[in-house]
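Peer 1: FYI, the numbering for the sequence shown is 1 to 222, going by full-length UniProt numbering. Quick reminder that beta carbons are idealized off the backbone N, C-alpha and C, glycines included. Quick one: the structure is below, and I'll ask about it shortly.
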Amino acid sequence: MRVNVLQHTPNEGPGSIQDWAHVNYHDFYVYHPYQFGNLPTADETDLLIILGGPMSPNDDLPWIKQERVLIQKLLDQHKPIFGACYGAQQIVKTLGYPITKAPHKEVGWAPVYRQSDAIPGIPEKVVALHWHEEMFTVPDQAQLIFSSDLVKNQGFLLGDNVIGLQFHFEPLIDNVREMAVNDNGYPLDHNGLHQTPAEIIAHGVPDENKQVMFKLLDFITK
């Protein structure tokens, strides 16, 4: 399987998604469309991973619109897609639903709660990393799978092959450090979770996050 990753900022990498690909002997390619403008084709994509970033799907940038053309082709071909944060929003925007400001900016660690039993083996509560102030509308054809205390729409499952999460299961501890030291002003501005960069780093990554990330990817690629 060829796994194609769209990365949108240097400090938000694939983390444990790359570990999952290596464990399963998949070919792993990372694209940086915000910098180079390159995207894979649908034909050379078996699984598309769309990572987070500081931009919004509402931004009027050619490469953002080109990403949605690729997403639509993969949706039409019923290929697996996983989106994190901005990535989840891009999927929703492709489906014609709005991306809006969330009722609370969430930056830091906070629990998300399972809202569906559609994916086996997912705990009722998992502490995840949040790094956003916009949110998606859950498409009519999808189901809500995660919520948090501050933002209801935290995760959706579309069919059996597309998952979008507003938060992050994928970061490993080095990824968390990289996010916190490079985007260290973001957590301090009107953050509903009231966590500093130092507190975010000190929290560490729960062991189960990587396990849940693997289960989600196994589910959409089975």
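To the nearest angstrom, how far is it from the Cα of Leu215 to the Cα of Gly164?
Peer 2: One point to set straight first is that residue 215 is Lys, not Leu, in the sequence displayed. Those two C-alpha atoms are separated by around 14 Å.
Peer 1: Hey, quick one: how far does the beta strand (DSSP E) through Phe36 stretch, first residue to last?
Peer 2: Unbroken run through Phe36 is the alpha helix (DSSP H), Pro33 to Phe36; no beta strand (DSSP E).
Peer 1: Could you say which of Ala180, Asn153 and Asn161 lies nearest to Lys79 if we only look at CA atoms?
Peer 2: Asn161
Peer 1: How should Ile173 be labelled, buried or exposed, when 16 other C-beta atoms within 10 angstroms of its C-beta is the threshold for buried?
Peer 2: Classification of Ile173: exposed, given that the 10 Å Cβ count is below 16.
Peer 1: For a minimum of 4 consecutive residues, which ranges assigned as the alpha helix (DSSP H) are wholly contained in the region 25-106?
Peer 2: 33-36, 62-76 and 86-94
Peer 1: Nearest by alpha-carbon distance to Ala21: which of His32, Leu188, Asp46 and Ala118 is it?
Peer 2: Asp46
Peer 1: Report the CB separation of Val145 from Leu157 in whole angstroms; it is logged as a contact under 8 Å.
Peer 2: A small correction: the amino acid at residue 145 is Ile; Val does not occupy that position in the sequence shown. Yes, Ile145 and Leu157 are in contact; Cβ-Cβ is about 5 Å, under 8 Å.
Peer 1: Report yes if the CB atom of Phe28 is closer than 7 Å to the CB atom of Ile49, and no otherwise.
Peer 2: no
Peer 1: I need the straight-line Cα distance from Asp43 to Leu188, nearest angstrom please.
Peer 2: Each residue's Cα considered, the two are about 42 Å apart.
Peer 1: Since Ala102 and Met135 should fall inside the 8 Å C-beta cutoff, what is the C-beta to C-beta distance between them, to a whole number of angstroms?
Peer 2: Ala102 to Met135, Cβ: 4 Å. Contact.
Peer 1: Can you round the beta-carbon distance between Leu150 and His203 to whole angstroms, since I take them to be within the 8 Å contact cut?
Peer 2: Not a contact, Cβ separation roughly 17 Å.
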